[in-house]
Ligand SMILES: Nc1ncnc2c1ncn2[C@@H]1O[C@H](COP(=O)(O)OP(=O)(O)O)[C@@H](O)[C@H]1O
Ligand SMILES: Nc1ncnc2c1ncn2[C@@H]1O[C@H](COP(=O)(O)OP(=O)(O)O)[C@@H](O)[C@H]1O
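Protein chains in written order, with the numbering used here: chain Z, 1 to 115; chain F, 1 to 115; chain B, 1 to 167; chain D, 1 to 167.
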């Protein structure tokens with residue numbers, strides 16, 4: 001109960017791409033940490049930013065808002081933003097919000113690096 | 001929030017020893033699952049039973065009771081019971097309950113296999 | 001001690017809510033409330049998939065109270081009650097959320113147009129998509145009351161599980 | 001709806017409990033309550049180490065209500081209130097747990113002799129070791145009330161953290 005924060009974020013470089021891999025839950029309380037991680041990665045202007053959601057088992061609209069904001073910045077700055085690793089549960093939230101066609105979505109990091 | 005149970009238990013064989021490695025929390029609700037895993041392992045009468053607590057970040061007295069019961073069975077059936085991987089937090093609970101000298105305690109599975 | 005911790009009211013047999021929580025309007029509590037709501041949903045018989053949807057709806061509603069009702073103040077009070085209930089549509093989960101925050105006309109509580117893709121403005125849409133009944137009202141005096149109901153129909157029912165604690 | 005979900009009482013400014021929870025006596029809820037108590041302790045300023053001890057004490061106390069007060073029935077009610085409070089010893093956390101279960105003489109609520117190693121019989125010892133004040137009382141009518149207090153002294157104080165949600 002007491003030493004795991006509800007969201008941890010791993011950031012790594014993979015060739016030309018940056019990979020941001022949040023793990024845990026992204027609700028209203030956790031979204032600001034994801035937002036900072038995405039902004040910092042975008043600031044470094046990688047050619048591609050991969051957001052690996054494999055470790056996310058809870059996603060609420062503050063998380064979606066953060067991803068939409070990152071998408072808007074990525075378009076302005078010519079970074080290719082790709083999401084991957086959406087579990088069924090996370091995919092369901094994208095679908096309720098009608099966002100499944102708004103993002104480029106790959107199955108895993110490997111394919112996200114090439115599509 | 002919704003797909004991780006608060007306790008998962010891995011059981012494996014390591015030479016002559018059985019290793020039971022619970023991960024998560026052991027409170028009143030979770031202790032029965034640990035109890036079953038320990039009893040099943042003891043029933044197979046390994047020469048040694050190692051309980052690896054590395055993954056435990058919460059331990060309450062129902063967990064301690066389960067370990068004491070396993071110790072008593074192990075003595076009756078000539079199984080060597082060794083605990084290992086106690087984090088500071090778990091160690092603190094053993095100390096408050098004055099149990100730190102009752103169990104054979106090793107740092108990790110490797111040394112638990114030999115002491 | 002004294003008035004700082006008033007005694008709980010007496011309950012009657014008809015007081016069937018599984019859990020009642022009064023909490024400060026601090027987002028740090030949302031994660032524990034989600035966990036507790038998950039247990040309530042499973043106890044009532046919802047499947048894992050339906051449980052995570054109901055948990056999402058309640059979490060969105062609470063975040064909205066913190067954001068809009070209390071304008072991000074951390075010291076507002078929020079009351080949440082959840083339990084099995086029956087309405088004309090049958091059995092299901094009833095969740096009631098009350099606050100003492102800003103009052104707004106319920107007609108103005110709505111999400112943005114879904115086509116207008118921009119950060120924010122999706123919570124109310126998600127709540128309405130997930131729940132079978134969503135009713136916003138002004139409370140007498142101050143604050144809002146949101147009453148949610150989700151039917152336990154064939155699609156939402158899970159195997160009768162005891163429900164572990166779900167972190 | 002009606003009586004199944006009575007309205008929350010009005011609160012006054014003196015009602016300072018951070019969280020009040022009313023829950024069914026089902027062990028499946030303990031994990032979420034631990035998580036919520038962790039947030040309360042950190043909000044009040046306890047260190048991680050002190051927080052996990054207070055969480056342990058409260059968890060043991062709730063498990064005892066379920067086990068002894070309600071004799072493992074799942075449909076009893078438990079009330080938990082926790083928040084910052086001051087007593088003669090200074091500032092700290094106050095936790096009050098009430099139930100409608102079996103009443104026992106507070107003098108009989110004690111753990112086994114620590115030397116007599118056997119499964120069980122450690123919870124009350126741990127609660128008393130961890131908390132600075134532990135008071136069991138019979139409530140008027142039915143059930144027990146347990147009042148706990150832990151001082152926020154130098155050793156127990158943490159860095160002023162915002163406190164994430166701790167699963
Ligand atoms: N509890 C509430 N109290 C007051 N206004 C609310 C509440 N919930 C929602 N609203 C109003 O409804 C609008 C839409 O909410 P929502 O769809 O969740 O998107 P967002 O919160 O991102 O604006 C909010 O902008 C707000 O004006
Ligand atoms: N909430 C309670 N209501 C009634 N009796 C209690 C309660 N808490 C503790 N007790 C009594 O105190 C004894 C010691 O409790 P504890 O040290 O937690 O060990 P255990 O629960 O394993 O017996 C219990 O056996 C019980 O008789």
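Every residue gets a Cβ at the ideal spot worked out from N, C-alpha and C, and that includes glycine. These figures come from a predicted structure and were not determined experimentally.
With a cut-off of 8 Å, do at least 3 Cβ pairs link the region 60–71 of chain D to the region 93–106 of chain D? Taking 8 Å as the limit for Cβ pairs, the verdict is that the region 93–106 of chain D does touch the region 60–71 of chain D.
Delimiting residues of the alpha helix (DSSP H) encompassing residue 8/F: Against the second chain, residue 8/F aligns to sequence position 8. Bounds of any alpha helix (DSSP H) do not take in residue 8/F; it lies within the beta strand (DSSP E) bounded by 7–14.
Cβ of residue 159/D within 8 Å of any chain F Cβ: Here residue 159/D is taken as the residue at index 159 of the fourth chain, counted from 1. False, the Cβ-Cβ gap to chain F never drops below 8 Å.
Hey, would you say the C-beta of residue 129/B is under 7 Å away from at least one heavy atom of ligand 2? Position 129 of the third chain holds residue 129/B. Checking every heavy atom of ligand 2 against the Cβ of residue 129/B, none is found closer than 7 Å.
Contact list for residue 6/Z against chain B, beta-carbon separation under 7 Å: One-based indexing of the first chain puts residue 6/Z at position 6. By Cβ distance, chain B contributes 31.
Tell me which residue opens and which closes the alpha helix (DSSP H) that residue 42/Z is part of. Numbered from 1 along the first chain, position 42 holds the residue referred to as residue 42/Z. Looking at the DSSP string, the run of the alpha helix (DSSP H) that includes residue 42/Z is 31–43.
Residue 144/B beta carbon less than 8 Å from that of residue 138/B: For the purposes of this step, residue 138/B is taken as the residue at position 138 of the third chain. For the purposes of this step, residue 144/B is taken as the residue at position 144 of the third chain. Yes; because the gap between Cβ atoms is below 8 Å, this pair is in contact.
At a cut-off of 7 Å, would you count residue 109/D as near ligand 2, judging by its Cβ distance to the nearest heavy atom? If you number the fourth chain from 1, residue 109/D lands on position 109. The closest heavy atom of ligand 2 lies less than 7 Å from the beta carbon of residue 109/D.
Mind the definition here: the region 92–108 of chain Z touches the region 16–25 of chain F only if three or more C-beta pairs lie below 8 Å; say whether that holds. Fewer than three beta-carbon pairs drawn from the region 92–108 of chain Z and the region 16–25 of chain F are found closer than 8 Å, and the two stretches are therefore not classed as touching.
At least one CB of chain D closer than 8 Å to the CB of residue 23/B: is that the case? Here the question's residue 23/B lines up with position 23 in the third chain. Chain D, which has a Cβ nearer than 8 Å to the Cβ of residue 23/B, makes this yes.
Using a Cβ-Cβ cutoff of less than 7 Å, which residues in the same chain neighbour residue 77/Z once the five nearest sequence positions on both sides are dropped? Translated into the one-based positions of the first chain, residue 77/Z becomes position 77. Same-chain partners within the cutoff: 42 and 45.
Contacting positions in the region 30–62 of chain B - beta carbon closer than 9 Å to chain D: Residues passing the 9 Å Cβ filter: 30, 31, 32, 33, 34, 35, 36, 37, 38, 39, 40, 42 and 43.
With 16 other CB atoms within 10 Å as the buried threshold, where does residue 44/B fall? Taking the first residue of the third chain as position 1, residue 44/B is located at position 44. By the neighbour-count definition (other C-beta atoms within 10 Å, threshold 16), residue 44/B is a buried residue.
Segment contact, 8 Å Cβ cut-off, at least three pairs: the region 79–96 of chain Z with the region 75–85 of chain B: The region 79–96 of chain Z, when compared against the region 75–85 of chain B, does not touch it at the 8 Å Cβ threshold.
With 8 Å set as the bound, which would you pick, yes or no: does the beta-carbon of residue 152/D sit closer than that to a beta-carbon of chain F? Locating residue 152/D in the fourth chain gives position 152, where the first residue counts as 1. No - not a single Cβ of chain F is within 8 Å of the one on residue 152/D.
When you compare only the Cα positions, how much space is there between residue 20/D and residue 147/B? Within the fourth chain, residue 20/D is the residue found at index 20, counting from 1. Within the third chain, residue 147/B is the residue found at index 147, counting from 1. About 20 Å.
If you compare alpha carbons, which of 88/F, 96/F, 74/F and 31/F is closest to residue 104/F? For the purposes of this step, residue 104/F is taken as the residue at position 104 of the second chain. Distances from the CA of residue 104/F to each of 88/F, 96/F, 74/F and 31/F were compared; the closest alpha carbon is that of 74/F.
Does the beta-carbon distance from residue 126/B to residue 68/Z come in below 8 Å? Here residue 126/B refers to the residue found at position 126 of the third chain. Here residue 68/Z refers to the residue found at position 68 of the first chain. Against a cut-off of 8 Å, the Cβ pair of residue 68/Z and residue 126/B comes out as no contact.
Is the beta carbon of residue 122/B within less than 7 Å of some heavy atom of ligand 1? Taking the first residue of the third chain as position 1, residue 122/B is located at position 122. Distances between the C-beta of residue 122/B and the heavy atoms of ligand 1 include at least one below 7 Å.
Proximity of residue 36/D and residue 29/B at Cβ, strictly below 8 Å: Along the fourth chain, read from residue 1 onward, the residue named residue 36/D stands at position 36. Along the third chain, read from residue 1 onward, the residue named residue 29/B stands at position 29. Yes, these two residues count as a Cβ contact at 8 Å.
Backbone CA spacing between residue 158/D and residue 42/D [nearest angstrom]: Counting from one through the fourth chain, the residue named residue 158/D turns up at place 158. Counting from one through the fourth chain, the residue named residue 42/D turns up at place 42. Computed Cα separation, rounded: 8 Å.
At the 8 Å Cβ level, is residue 76/B part of the contact set with chain Z, yes or no? Within the third chain, the letter at position 76 stands for residue 76/B. Chain Z, which has no Cβ nearer than 8 Å to the Cβ of residue 76/B, makes this no.
Check whether the Cβ of residue 120/D lies closer than 8 Å to any Cβ atom in chain F. Along the fourth chain, one-based indexing puts residue 120/D at 120. Answer yes: the Cβ-Cβ gap between residue 120/D and chain F drops below 8 Å somewhere.
Taking 7 Å as the cut-off, is the C-beta of residue 102/B nearer than that to any heavy atom in ligand 1? Your numbering for residue 102/B matches position 102 in the third chain. Yes, Cβ of residue 102/B sits closer than 7 Å to a heavy atom of ligand 1.
Inter-stretch contact at 8 Å, needing at least 3 Cβ pairs: the region 19–38 of chain F / the region 55–62 of chain F: Three or more beta-carbon pairs separated by less than 8 Å link the region 19–38 of chain F to the region 55–62 of chain F, which places the two stretches in contact.
Listed by chain order, chain Z residues near residue 71/B by CB distance under 7 Å: Locating residue 71/B in the third chain gives position 71, where the first residue counts as 1. The premise fails here: residue 71/B is roughly 14 Å from chain Z at the closest Cβ pair, so nothing lies under 7 Å.
Quick one: Cα of residue 37/F to Cα of residue 96/F, how far? One-based indexing of the second chain puts residue 37/F at position 37. One-based indexing of the second chain puts residue 96/F at position 96. Near 25 Å, if we compare the C-alpha coordinates of residue 96/F and residue 37/F.
Quick one: does residue 20/B have its CB under 8 Å from some CB of chain D? Numbered from 1 along the third chain, position 20 holds the residue referred to as residue 20/B. It does: the Cβ of residue 20/B has a partner Cβ on chain D nearer than 8 Å.
Below 7 Å between beta carbons is the criterion; list the residues of the region 96–119 of chain D that meet it against any residue of chain F, in chain order. Against chain F - using a Cβ distance shorter than 7 Å - the residues of the region 96–119 of chain D are 114, 117, 118 and 119.
Which of the three DSSP states, helix, strand or coil, is assigned to residue 80/Z? In the first chain, residue 80/Z corresponds to position 80, counting from 1. Strand at residue 80/Z.
Of all the alpha helix (DSSP H) runs that stay within the bounds of the region 27–71 of chain D, which reach a length of 4 or more residues? Those alpha helix (DSSP H) runs which fall completely within the region 27–71 of chain D and span 4+ residues are 30–44 and 48–64.
Smallest Cα separation from residue 108/D: which of 135/D, 25/D, 76/D and 156/D? Walking along the fourth chain from the start, residue 108/D turns up at place 108. Nearest of 135/D, 25/D, 76/D and 156/D to residue 108/D, Cα basis: 135/D.
Kindly indicate which three-state DSSP category residue 65/Z falls into: helix, strand or coil? To locate residue 65/Z, count along the first chain from 1; it is residue 65. Judged by DSSP in its simplified three-state form, residue 65/Z adopts helix.
Identify which residue in 13/Z, 5/Z, 113/Z and 89/Z has its Cα closest to the Cα of residue 54/Z. What you label residue 54/Z is simply residue 54 of the first chain in a count that begins at 1. It is 89/Z.
For residue 20/B, the three-state DSSP class (helix, strand or coil): Translated into positions along the third chain, residue 20/B becomes position 20. Residue state, collapsed to three classes: strand.
Measure the Cβ-Cβ separation of residue 111/F and residue 79/F and say whether it is below 8 Å. Translated into the one-based positions of the second chain, residue 111/F becomes position 111. Translated into the one-based positions of the second chain, residue 79/F becomes position 79. For the 8 Å CB-CB criterion, residue 111/F and residue 79/F do not form a contact.
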